[in-house]
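These notes concern the structure reproduced below.
Protein chains: 2
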Amino acid sequence: MLDRVRVVLVGTSHAGNIGGAARAMKNMGLSRLVLAGPEVVFPHPEATWRAVQAADLLDTAVVTRDLAEAVADCTLVIGTSARERRIQLPQVSPRGLGGLLARSRPDEQIALVFGREDSGLSNEELRMCHWHVHIPTSSSYSSLNLAAAVQILCYELRLACLAPDPAPAAESDWDEPFATVEGVERFYEHLEQALTEIGFLKPSAPRQLMTRLRRLFNRVRLDQMELNILRGMLTEIQKAARGGGPRT
Amino acid sequence: MLDRVRVVLVGTSHAGNIGGAARAMKNMGLSRLVLAGPEVVFPHPEATWRAVQAADLLDTAVVTRDLAEAVADCTLVIGTSARERRIQLPQVSPRGLGGLLARSRPDEQIALVFGREDSGLSNEELRMCHWHVHIPTSSSYSSLNLAAAVQILCYELRLACLAPDPAPAAESDWDEPFATVEGVERFYEHLEQALTEIGFLKPSAPRQLMTRLRRLFNRVRLDQMELNILRGMLTEIQKAARGGGPRT
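Quick note, the sequences are listed as chains A and B, same order. Residues in the first sequence are numbered from 1 upward in steps of one, following my numbering. Residues in the second sequence are numbered from 249 upward in steps of one, following my numbering.
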């Protein structure tokens with residue numbers, strides 16, 4: 001899907017931003033960069049420097065006279081813009097972009113269009129777009145760097161292409177098998193015994209000690225290796241309590 | 249919520265990235281920048297230039313010696329990392345970050361930690377983190393620019409604030425305040441000492457013992473009361489190792 005998406009930078013005036021945009025694109029798996037009427041000499045060493053390992057995207061970048069030429073063969077054009085515009089277009093959120101692309105036909109050419117650093121896209125350019133996308137920014141400083149805007153939208157496109165978001169705690173690929181309930185119960189018994197032997201747990205006044213320790217270790221979901229370490233530790237503690245003195 | 253989040257840049261070596269990170273933060277409504285052991289002179293004109301209207305974040309930025317100092321008073325530390333690590337930590341997706349923060353207690357100090365441009369965070373630094381977050385990148389060019397990584401995660405935090413995660417609050421109503429990083433670090437020192445005294449940890453052959461125990465306790469997010477219990481336990485274990493014999 002990402003191969004059908006081109007990133008169009010309109011009237012860019014800082015070469016570094018072109019390089020930064022190329023890097024952001026390649027990091028997220030996009031490769032087609034179009035410069036529509038750039039206001040800076042291109043190629044440019046500053047662009048190459050900022051692109052780092054994405055200089056190949058600069059080599060294959062297409063330079064056009066204007067936006068109309070850049071999107072002539074596209075059927076879906078999405079323009080980035082600040083929220084307030086005299087002319088309203090349908091608006092999609094950055095997160096909604098993925099759905100928009102997923103619903104596109106497999107033969108559609110899609111353009112994601114970014115305006116000038118200082119003034120964005122003109123009204124005429126915006127009228128060439130089918131949708132607006134607005135990145136929500138803080139009112140205390142709403143102007144995003146161009147490469148940063150490219151980064152955020154390409155990130156959203158990449159996420160939309162990847163498998164559904166896994167649960168926050170990705171535990172399925174933990175590198176050790178988790179301990180069984182039975183194993184953990186034996187650990188609690190051992191713990192209670194050892195704490196009694198060193199005099200920390202007083203059977204006559206146990207308070208909430210074991211309850212609190214159970215809550216702690218249950219929260220962690222011990223793995224098998226950790227359980228072995230803890231059991232080994234308890235055995236050494238018992239030896240210390242019984243025999244006294246440090247081991248060597 | 250965003251006022252409780254600090255962005256910590258560890259060992260940054262390009263001043264421009266500091267400025268770019270500050271701008272990314274302010275665009276998304278974050279304001280607290282911490283530089284932990286920067287590898288570049290700061291303040292720096294290149295940082296100021298890239299920050300544009302976010303230079304106020306540079307003025308109020310805190311410079312610390314290292315990561316430990318930067319997060320000493322935090323109870324939730326999230327480190328950014330490349331996926332592959334020998335010892336895994338619980339992982340959260342960029343999108344899952346918002347849920348994690350929404351479930352935090354209103355008095356918690358939270359750190360989002362970014363590593364060096366070339367080598368990221370060290371294993372020791374990663375062990376100070378409760379969670380890893382990995383930004384999914386293309387295998388053809390996986391290394392994100394530092395300011396771009398800050399931009400993506402701050403964007404996710406902003407979205408989470410605009411549309412709070414409706415997931416049930418698991419931790420926000422925890423009945424004890426969570427332990428600070430500093431308090432937990434003192435516990436690890438105490439633990440290492442006690443384990444050495446009972447002969448379980450051999451300084452000449454420590455293997456992965458402390459690493460594994462750190463991973464265990466960092467996963468659980470100890471609360472203050474639990475920390476007190478564990479410290480009390482260690483003191484009794486030391487008494488047993490030194491004096492020998494059970495208490496009564």
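Even glycine gets a Cβ: it sits at the ideal position worked out from N, Cα and C.
Contacts around residue i, its chain only, beta-carbon distance under 7 Å, and the 5 residues preceding and following it disregarded
i, result
"LEU250(B)", "GLY277, LEU278, LEU405 and CYS409"
"ALA47(A)", "ALA15, GLY16, ILE18, GLY19 and LEU58"
"VAL311(B)", "LEU283, PRO286 and PHE290"
"MET225(A)", "GLU176"
"GLU192(A)", "LEU201 and MET210"
Whether residue i touches residue j by CB criterion (8 Å)
i, j, result
"PHE242(B)", "ARG490(B)", "Only positions 249 to 496 of chain B appear in this structure, which leaves residue 242(B) out of reach."
"ILE110(A)", "LEU121(A)", "no"
"LEU470(B)", "ALA269(B)", "no"
"VAL255(B)", "ARG280(B)", "yes"
"ALA318(B)", "LYS274(B)", "no"
"GLU373(B)", "LEU457(B)", "no"
"ALA488(B)", "ALA240(A)", "yes"
"ARG212(A)", "ILE477(B)", "yes"
"GLY98(A)", "LEU159(A)", "yes"
"GLN194(A)", "LEU227(A)", "Rather than Gln, the amino acid found at residue 194(A) in this sequence is Ala. For ALA194(A) and LEU227(A), no; Cβs fall outside 8 Å."
"LEU153(A)", "PRO106(A)", "no"
"ALA148(A)", "ALA309(B)", "no"
8 Å CB neighbourhood of residue i in its chain, flanking five on each side removed
i, result
"PRO338(B)", "HIS378, TRP379, HIS380 and ARG467"
"ASP321(B)", "GLN357, THR428, VAL429 and GLU430"
"SER390(B)", "ALA330"
"VAL77(A)", "VAL71, ILE110, ALA111, VAL113, MET128, CYS129, HIS130 and TRP131"
Short CB-CB distance (under 8 Å) between residue i and chain B
i, result
"ARG23(A)", "yes"
"ILE237(A)", "yes"
"VAL220(A)", "yes"
"ASN17(A)", "no"
"LEU58(A)", "no"
"GLY199(A)", "yes"
"LEU89(A)", "no"
"PRO38(A)", "no"
"GLY20(A)", "yes"
Chain A contact for residue i (CB, 8 Å cutoff)
i, result
"GLU474(B)", "yes"
"PRO454(B)", "no"
"MET458(B)", "no"
"LEU360(B)", "no"
"MET376(B)", "no"
"ALA418(B)", "Low local confidence applies: a pLDDT of 48 at ALA418(B) is under 50, so the model's placement there is unreliable, and no value is given."
"VAL310(B)", "no"
"PRO293(B)", "no"
"LEU443(B)", "yes"
"ASN371(B)", "no"
"ILE326(B)", "no"
"MET481(B)", "yes"
"GLY431(B)", "no"
"GLY277(B)", "yes"
"GLY368(B)", "no"
"PRO384(B)", "yes"
Chain D within 8 Å of residue i, Cβ atoms only
i, result
"PRO203(A)", "Absent from the structure is chain D; the protein chains it does hold are A and B."
Cβ neighbours of residue i in the same chain (closer than 6 Å, five flanking residues each side left out)
i, result
"VAL40(A)", "SER13 and ALA15"
"GLY79(A)", "VAL113, LEU121, LEU126, CYS129 and HIS132"
"ILE446(B)", "ALA489"
Note to self: Tell me which residues of the stretch 138-168 of chain A have at least one Cβ-Cβ distance to chain B shorter than 8 Å, keeping chain order.
What the structure shows: SER138, SER140, TYR141, SER142, SER143, LEU144, ASN145, ALA147, ALA148, GLN151, ILE152, TYR155, ARG158, LEU159, LEU162, ASP165, PRO166, ALA167 and PRO168
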